[in-house]
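Trainee: What follows is a structure written as structure tokens; I'll ask about it next.
In the UniProt record's numbering, the protein residues as written are 1 to 714.
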């Protein structure tokens with residue numbers, strides 16, 4: 001009997017495993033013998049047959065049900081290693097492992113299950129059949145490349161959009177303009193703005209105009225901004241709006257063209273454009289910086305009449321201008337005006353007022369305002385406390401500054417290294433080195449890393465106390481911790497060694513500074529020349545002087561005075577005079593001060609060349625340099641050698657007072673009278689009358705009265 005008619009014959013794979021065969025049904029049709037590939041798992045099926053497939057492990061492979069649109073995939077190709085090869089560039093055939101599980105697409109780490117959208121999608125889009133990129137896709141690409149500053153890719157996107165005849169929208173160009181602004185490429189923005197219509201058929205409006213104008217202004221090209229504005233408004237048929245005017249006002253004020261800005265401001269109604277609060281703020285700030293505070297205040301009144309209500313920023317601009325001018329009374333009135341207008345002072349307002357009070361030396365009022373600031377729920381910043389502390393230090397009250405530091409710490413605020421530097425400098429100058437050392441230790445304990453300023457201040461303070469060796473140890477520690485010293489650091493240490501008479505160590509420091517790559521400036525040369533001259537090493541000082549001139553440095557007043565003093569002390573008065581005459585015709589930084597004049601006057605009187613000294617004194621008066629007590633003592637010492645020294649001295653000083661009075665230098669004349677009174681020399685009644693009348697002129701008395709009212713008001 002034929003067994004094939006009763007039961008199916010079992011089949012085995014290459015591994016000897018029996019393949020399962022489903023039971024026969026009435027509708028079952030035997031498939032033709034399969035054609036086996038290299039792995040003997042691939043079979044071609046009849047169109048309507050639905051016979052399950054099994055892999056080499058006996059796992060059933062899931063096959064989707066057939067429908068009328070199903071098409072059998074072409075026979076896969078295998079390489080020599082039995083790996084399935086890619087069928088075509090467009091086909092997306094899933095791959096399976098040996099157990100029939102679909103293989104994931106792996107990234108660089110073979111763990112990525114999802115392929116991210118990237119530039120590859122954009123570049124291969126024409127190959128994706130019927131899929132076509134939309135305008136939103138192009139905008140997203142432009143936004144991406146603009147944010148990353150990839151201008152080359154931006155050009156590629158624009159070129160492709162032109163080839164596909166896409167519609168360009170203005171906001172795409174605005175993205176690129178902003179990118180050019182971040183990259184500091186304003187001319188590129190101007191160039192692209194010019195190409196918008198002709199090349200890209202994109203209509204320009206005031207939005208793109210303002211975007212490019214802002215890029216130019218932010219780059220600091222103010223003249224270029226004015227040219228661009230004039231070109232666009234006159235030739236491109238674009239009407240400016242309030243933002244355009246605000247940018248132009250900012251540009252004109254930066255160029256100190258405030259009058260022209262006011263003219264354009266008056267033309268705004270003809271453009272049917274109303275100024276906003278920023279317009280007024282910009283113009284008021286320009287007027288304040290041009291020292292035209294009164295006009296700025298008038299503009300504030302005009303602003304309110306026109307229905308544009310000021311904001312705290314508006315008042316802050318005026319308060320800052322008044323404080324810088326020293327008019328604290330009007331600044332305080334503006335604060336009251338703020339409250340009347342419903343504007344609450346903010347941190348900037350208080351900081352500005354506190355800074356102005358500190359500049360005028362009104363530190364108690366500054367502290368009271370600081371307390372008031374806290375009561376009004378305005379949090380003082382490190383800058384606020386630092387301003388007050390620095391004000392105390394400048395007035396020689398560093399101890400009070402330390403109390404402000406403690407109050408600052410109680411409120412949970414941490415001082416920075418600049419505040420500690422100011423306190424260190426003040427305490428050393430006031431002769432309180434132990435307190436300064438405590439501040440230094442506190443800064444280290446709070447794990448504040450001292451910067452170059454802090455280290456230099458501490459080194460300078462130790463040198464002031466005659467402790468240069470300790471300062472040298474601090475310098476070594478500074479370098480070891482990676483904080484680079486500067487020229488000021490070395491100059492302070494050099495002065496410390498010269499002060500203790502150890503000029504050799506100072507010279508070694510100079511050589512160390514030169515080898516460490518620190519650039520020496522005029523101050524470094526002045527310190528070295530001054531120290532060498534004081535130590536009597538005139539020859540070495542002359543060598544340094546010539547070296548400084550060879551480097552192209554112009555000696556300052558200190559260097560000149562030191563060399564002249566050294567030459568005069570060495571008996572070379574004529575050589576010192578030649579150097580002094582050279583100093584007279586130098587630049588402003590080298591002009592002789594009262595110290596330089598006193599050096600030469602003393603040298604001339606010492607060698608009995610009094611007539612030449614009198615001529616030099618007249619030159620001193622003509623050049624606007626008032627004599628001081630040392631000048632008077634030089635001539636009084638010379639006059640004491642005469643027969644009637646008291647009368648001669650009285651006549652000499654009285655003539656000096658009258659000469660200063662004729663030149664309207666009343667303060668200088670008053671100082672000479674003070675010297676006379678200290679020496680028990682009395683001016684004539686007529687001289688007294690002239691000086692007192694000048695001091696009590698109505699304007700000066702009114703100024704003193706205003707000052708008193710200011711103190712009472714604030």
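C-beta atoms are modelled at their ideal positions from N, C-alpha and C, and glycine is treated no differently.
Does the Cβ of residue 654 have 16 or more other Cβ atoms within 10 Å, making it buried, or fewer, making it exposed?
Mentor: Under this definition residue 654 is a buried residue.
Trainee: Could you check what DSSP says for residue 296 in three-state terms: helix, strand or coil?
Mentor: Here residue 296 sits in helix by DSSP.
Trainee: Taking 9 Å as the threshold (C-beta atoms), are residue 192 and residue 177 in contact?
Mentor: Contact: yes.
Trainee: Would you identify the three-state DSSP class for residue 341, choosing helix, strand or coil?
Mentor: Three-state DSSP puts residue 341 in coil, outside helix and strand.
Trainee: Look at the alpha carbon of residue 475 and the alpha carbon of residue 434, and state the distance between them as a whole number of angstroms.
Mentor: The alpha-carbon atoms of residue 475 and residue 434 are separated by roughly 19 Å.
Trainee: Considering only the beta carbon of each residue, do residue 675 and residue 629 sit closer than 9 Å?
Mentor: Cβ distance < 9 Å, so residue 675 and residue 629 count as in contact.
Trainee: Quick one, which of 259, 267, 256, 248 has its alpha-carbon nearest residue 717's?
Mentor: Residue 717 lies beyond the stretch modelled for the chain, which goes from 1 to 714, so this question has no answer here.
Trainee: If the criterion is Cβ atoms closer than 9 Å, does the pair residue 541 and residue 561 meet it?
Mentor: No, Cβ-Cβ distance for residue 541 and residue 561 is not below 9 Å.
Trainee: Can you tell me whether residue 169 is helix, strand or coil according to DSSP?
Mentor: Coil at residue 169, not helix or strand.
Trainee: In terms of alpha-carbon separation, which member of 179, 228, 221, 369 lies closest to residue 190?
Mentor: When only C-alpha atoms are compared, the closest one is 228.
Trainee: What are the boundary residues of the alpha helix (DSSP H) that residue 255 is part of?
Mentor: That residue, residue 255, is in no alpha helix (DSSP H); it is neither H nor E in DSSP.
Trainee: By the 10 Å Cβ neighbour count, where 16 or more other Cβ atoms means buried, how is residue 473 classified, buried or exposed?
Mentor: It counts as exposed.
Trainee: Between the C-alpha atoms of residue 652 and residue 301, what's the straight-line distance to the nearest angstrom?
Mentor: Their backbone Cα atoms lie some 57 Å apart in a straight line.
Trainee: Which stretch, first to last residue, makes up the alpha helix (DSSP H) that contains residue 482?
Mentor: From DSSP, residue 482 is part of no alpha helix (DSSP H); its letter is neither H nor E.
Trainee: So, with DSSP's three-state summary, where would you put residue 139?
Mentor: Helix at residue 139.
Trainee: Can you look up residue 371 in the DSSP assignment and give me helix, strand or coil?
Mentor: Of the three classes helix, strand and coil, the one that applies to residue 371 here is helix, per DSSP.
Trainee: Going by the CB atoms, is the gap between residue 253 and residue 286 shorter than 9 Å?
Mentor: Yes, they are a contact pair.
Trainee: Looking at the structure shown, is residue 81 part of a helix, part of a strand, or coil, going by DSSP?
Mentor: Note that residue 81 has pLDDT 43, beneath the 50 cutoff, so the model's placement of it is unreliable and the number below is only indicative. Residue 81 falls in the coil class under three-state DSSP.
Trainee: Taking the alpha helix (DSSP H) that residue 531 belongs to, which residues open and close that run?
Mentor: Its alpha helix (DSSP H) spans residues 522-534.
Trainee: Since residue 448 and residue 420 should fall inside the 8 Å C-beta cutoff, what is the C-beta to C-beta distance between them, to a whole number of angstroms?
Mentor: Yes, they are in contact, since the Cβ atoms of residue 448 and residue 420 sit about 7 Å apart, within 8 Å.
Trainee: According to the neighbour-count rule (16 or more other Cβ atoms, all chains shown, within 10 Å of its Cβ), is residue 693 buried or exposed?
Mentor: It counts as exposed.
Trainee: What distance in whole Å lies between the Cβ atoms of residue 493 and residue 533, which are believed to be in contact at a cut-off of 8 Å?
Mentor: Wrong, their Cβ atoms sit about 19 Å apart, outside the cutoff.
Trainee: Our contact map puts residue 314 next to residue 280 with C-beta atoms below 8 Å; I'd like the distance itself, whole angstroms only.
Mentor: Indeed, because the Cβ distance is near 6 Å, the residues count as touching under 8 Å.
Trainee: Between the segment 625-641 and the segment 594-603, do at least 3 Cβ pairs fall closer than 8 Å?
Mentor: They touch, by the three-pair rule.
Trainee: Reducing DSSP to helix, strand and coil, say where residue 517 ends up.
Mentor: Coil.
Trainee: Am I right that residue 232 and residue 209 are in contact with their C-beta atoms under 8 Å? What's the rounded C-beta distance?
Mentor: Going by Cβ atoms, the distance from residue 232 to residue 209 rounds to 5 Å, so yes, they are a contact pair.
Trainee: Please tell me whether residue 522 and residue 570 are closer than 9 Å, where the distance is taken between their beta carbons.
Mentor: Not closer than 9 Å, so no.
Trainee: For residue 187, report the span of its alpha helix (DSSP H) as first-last.
Mentor: First-last of the alpha helix (DSSP H) with residue 187: 186-195.
Trainee: Do the segment 507-519 and the segment 484-498 meet, that is, are 3 or more Cβ pairs less than 8 Å apart?
Mentor: They touch, by the three-pair rule.
Trainee: For a quick check, are the C-beta atoms of residue 328 and residue 299 less than 9 Å apart?
Mentor: Taking 9 Å as the Cβ cut-off, residue 328 and residue 299 do not qualify as a contacting pair.
Trainee: Rounding to the nearest angstrom, what Cα-Cα distance links residue 590 and residue 358 in this structure?
Mentor: Going from the Cα of residue 590 to the Cα of residue 358 covers about 31 Å.
Trainee: Going by DSSP in three states, residue 572 sits in which element: helix, strand or coil?
Mentor: Residue 572 falls in the coil class under three-state DSSP.
Trainee: Taking 9 Å as the threshold (C-beta atoms), are residue 555 and residue 597 in contact?
Mentor: No, they are not a contact pair.
Trainee: Counting C-beta neighbours from all protein chains within 10 Å, is the total for residue 362 16 or more, i.e. buried, or is it exposed?
Mentor: By the 10 Å Cβ count, residue 362 comes out buried.
Trainee: Just to confirm the assignment, what range does the alpha helix (DSSP H) spanning residue 216 have?
Mentor: Run containing residue 216: 206-218, per the alpha helix (DSSP H) assignment.
Trainee: Do you know how far the Cα of residue 678 is from the Cα of residue 691?
Mentor: Cα to Cα, residue 691 sits roughly 18 Å from residue 678.
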